[in-house]
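Quick note on my numbering: the sequence shown kicks off at 2 and runs consecutively.
Ideal placement from N, C-alpha and C gives every residue a C-beta, glycine not left out.
The structure presented is a predicted model; accordingly, all values stated were derived computationally and were not measured.
Please read the structure below before turning to the comments.
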Amino acid sequence: MAALKAFQSAKGIPASGIANEATVGALRLSATASVPAIPERAQVPEKETFQPSKTVWPRQADVPAFFGAVGQNQTSIEIPFDMWLAWDKGTRIKKITVHKRVAESAERAFQKIAGTYSAAERKNIGIDLFGGSLNVRKMRGGSSYSMHSWGIAIDFDPERNQLKWGRDKARLAKPDAVSFWVAWESEGWLSLGRARNMDFMHVQAARL
Numbered sequence: 002m003a004a005l006k007a008f009q010s011a012k013g014i015p016a017s018g019i020a021n022e023a024t025v026g027a028l029r030l031s032a033t034a035s036v037p038a039i040p041e042r043a044q045v046p047e048k049e050t051f052q053p054s055k056t057v058w059p060r061q062a063d064v065p066a067f068f069g070a071v072g073q074n075q076t077s078i079e080i081p082f083d084m085w086l087a088w089d090k091g092t093r094i095k096k097i098t099v100h101k102r103v104a105e106s107a108e109r110a111f112q113k114i115a116g117t118y119s120a121a122e123r124k125n126i127g128i129d130l131f132g133g134s135l136n137v138r139k140m141r142g143g144s145s146y147s148m149h150s151w152g153i154a155i156d157f158d159p160e161r162n163q164l165k166w167g168r169d170k171a172r173l174a175k176p177d178a179v180s181f182w183v184a185w186e187s188e189g190w191l192s193l194g195r196a197r198n199m200d201f202m203h204v205q206a207a208r209l
């Protein structure tokens, strides 16, 4: 880490000790002048950031038929890195409750996230803050059940990704969160933020 900080200082990059995008680009340019710097992720067309998946979850209207009664058929999955309760950051979350039919898929997504981001990066982005999974309730302002009622939705860092915030304000709309969303999209899960530019805290195993 000391060597990385020294390199960052020499290149005029904030000495965080984290191999962020600017640092990786500088390292590649230092290795060979013929290798171009990594392009800014924000410049990649949005349609290219959505990852194809072999898993196809039902549309929201078909969720009751596919997953059954709300609050039923639940199981616990272990999180492969430290997570904390969003509204009580001193409380560590080791397991979360999800529907049995999405459990293995969610575990794979979390494993991909664990392998992509360091603990410091997860904290910076906010993906180590658990905002809820199973919660039998109606949608805000509606009469239909929320996807959380089946345990097929998970929220992250609600404070910095509020319901009506779009990509201009939401923390999980920033370029460094793209790999986080790709991990879920590769399992067929959907980000309401990336699909509808709202509720960036939320990912669900159901199509719109």
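Spell out the partners DSSP gives residue i in its beta bridges.
i	result
Gln-75	His-100
Asp-156	Gly-133 and His-203
Trp-85	Arg-93 and Leu-130
Tyr-146	Lys-139
Short check: CB of residue i to CB of residue j, under 8 Å?
i	j	result
Val-64	Trp-182	no
Asp-1	Met-202	For residue 1 there is no data in the structure shown, the boundaries of the chain being 2 and 209.
Trp-88	Ala-206	no
Ser-77	Lys-96	yes
Asp-158	Gly-127	yes
Assuming residue i is part of the alpha helix (DSSP H), what are its boundary residues?
i	result
Leu-193	193-197
Ala-66	64-68
For a test of the three-state rule: what should DSSP assign to residue i, helix, strand or coil?
i	result
Gln-112	helix
Trp-182	helix
Lys-124	helix
Leu-209	coil
Arg-168	coil
Examine chain B for any beta-carbon lying closer than 8 Å to the beta-carbon of residue i, and answer yes or no.
i	result
Ala-110	No chain B is part of this structure, which consists of one protein chain only.
Does the segment 80-87 touch the segment 169-180, meaning 3 or more C-beta pairs lie closer than 8 Å?
no
Measuring CB atoms only, is the segment 106-118 touching the segment 183-191, in the sense that at least three cross pairs come out at less than 8 Å?
yes
Would you call the segment 131-147 and the segment 173-180 touching, i.e. three or more CB-CB distances under 8 Å?
no
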